[in-house]
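All residue numbers for the sequence shown refer to full-length UniProt numbering, where the first residue is 1 and numbers rise by one.
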Amino acid sequence: MRTVNTPALETERLTLRRFAEDDLPALFAIFSDGEVNRFLPWFPLRSMDEARAFWQERYAERYRQERAYQYAVCLKSDNIPIGYVNVSMEEHHDLGYGLRKEFWHGGIVTEACGAVIERVKADGLPYVTATHDRNNPRSGAVMVRLGMRYQYSYEEQWQPKNILVTFRMYQLNFHGKQDDVVYRRYWDHSAVHFVETAV
Ligand SMILES: CC(C)(COP(=O)(O)OP(=O)(O)OC[C@H]1O[C@@H](n2cnc3c(N)ncnc32)[C@H](O)[C@@H]1OP(=O)(O)O)[C@@H](O)C(=O)NCCC(=O)NCCS
């Protein structure tokens, strides 16, 4: 596997790059919105101090590691972050994304994730997975548009919000058939797991 950390990428409309310290106001605009952050494992940011701490922990710190894919999504026209796409270096290689509300419905996240997926595939990752709350079908629609395959559902008492969530898990394998390898740890760790036939 190639050792890379968030190499800059370009698509037709977008620049994908690291979040810099100068981007804190833009990062705050993304991560402070209640609706955009409702289905995510953190509370919406309330101040610039919280934004700085969030950036340190989830971006600056990861950029110091050997490998990471922690992108700011910017329109080429102004290079200001309006969203994010991440791929985890943990075994699940979870794909995560979010976008400021005023940019929804334009295919921006699908375009950004497509470029990141191509890159992690070229760099040697075996697959990506993604999970979404069953009550957040917009996120599931992104997974489908990316060609990811639904594998199973499971319940989790989700932290730090401490709510019971039913997640749907999707996976995209880069080698062999889509069902050859399925990441099973969420299934194994959850007492309540099942396959929904209607998904
Ligand atoms: C999930 C989320 C990123 C989806 O945003 P989105 O803009 O719908 O996603 P896409 O980039 O895939 O855009 C798809 C929409 O753009 C339209 N579209 C326009 N041009 C398009 C193109 N070139 N390619 C694909 N879709 C396009 C599609 O028809 C679709 O329209 P619809 O919303 O009316 O159904 C957004 O709702 C969000 O930020 N939610 C909060 C954060 C979140 O929940 N993250 C996931 C946690 S698991």
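C-beta atoms are modelled at their ideal positions from N, C-alpha and C, and glycine is treated no differently.
Keep in mind the model is a prediction, meaning the values are calculated, not measured.
Which whole-angstrom value is the C-beta distance of residue 150 and residue 168, which I expect to be below 8 Å?
In this structure, residue 150 and residue 168 form a Cβ contact; the two beta carbons are roughly 6 Å apart against a cut-off of 8 Å.
Restricting to runs no shorter than 4 residues, where is the alpha helix (DSSP H) found entirely within the stretch 9 to 94?
Whole alpha helix (DSSP H) segments, 4+ residues: 24 to 31, 48 to 55.
At least 3 beta-carbon pairs within less than 8 Å: the stretch 113 to 122 vs the stretch 60 to 68
Cβ pair count under 8 Å is below three, so no.
Helix, strand or coil, according to DSSP, for residue 123 in the structure here?
Here residue 123 sits in coil by DSSP.
If you run the structure through DSSP and keep just helix, strand and coil, what is residue 142?
Here residue 142 carries a helix assignment [DSSP, helix/strand/coil].
Look at residue 197 and residue 170 and say whether their C-beta atoms are less than 8 Å apart.
By the CB criterion at 8 Å, residue 197 and residue 170 fall outside the cutoff.
If you count every other CB in all the chains shown that lies within 10 Å of the CB of residue 194, and 16 or more means buried, which is it?
Residue 194 should be labelled exposed.
State the start and end residues of the unbroken alpha helix (DSSP H) segment that holds residue 168.
Careful: residue 168 lies outside any alpha helix (DSSP H), inside the beta strand (DSSP E) at 163 to 173.
Could you check which residue in 76, 4, 42, 22 has the C-alpha nearest to that of residue 70?
The residue among 76, 4, 42, 22 with its C-alpha nearest the C-alpha of residue 70 is 4.
Does the Cβ of residue 93 lie closer than 7 Å to at least one heavy atom of ligand 1?
Answer for residue 93: no, Cβ out of range of ligand 1.
By DSSP, does residue 158 sit in helix, in strand, or in coil?
Three-state result, residue 158: strand.
Residue 11 CB to nearest heavy atom of ligand 1 below 7 Å:
Not so, every heavy atom of ligand 1 lies at least 7 Å from the Cβ.
By how many angstroms is the C-alpha of residue 49 removed from the C-alpha of residue 56?
Taking the straight line from one Cα to the other gives about 11 Å.
For residue 186, report the span of its alpha helix (DSSP H) as first-last.
For residue 186, the enclosing alpha helix (DSSP H) stretches over residues 185 to 189.
Where residue 189 falls, given that 16 or more other Cβ within 10 Å makes a residue buried
Classification of residue 189: exposed, given that the 10 Å Cβ count is below 16.
What is the C-beta distance between residue 11 and residue 68, in whole angstroms, given that I count them as a contact (C-beta under 8 Å)?
Distance from residue 11 to residue 68 at the Cβ level is roughly 20 Å; contact not present, criterion being Cβ atoms closer than 8 Å.
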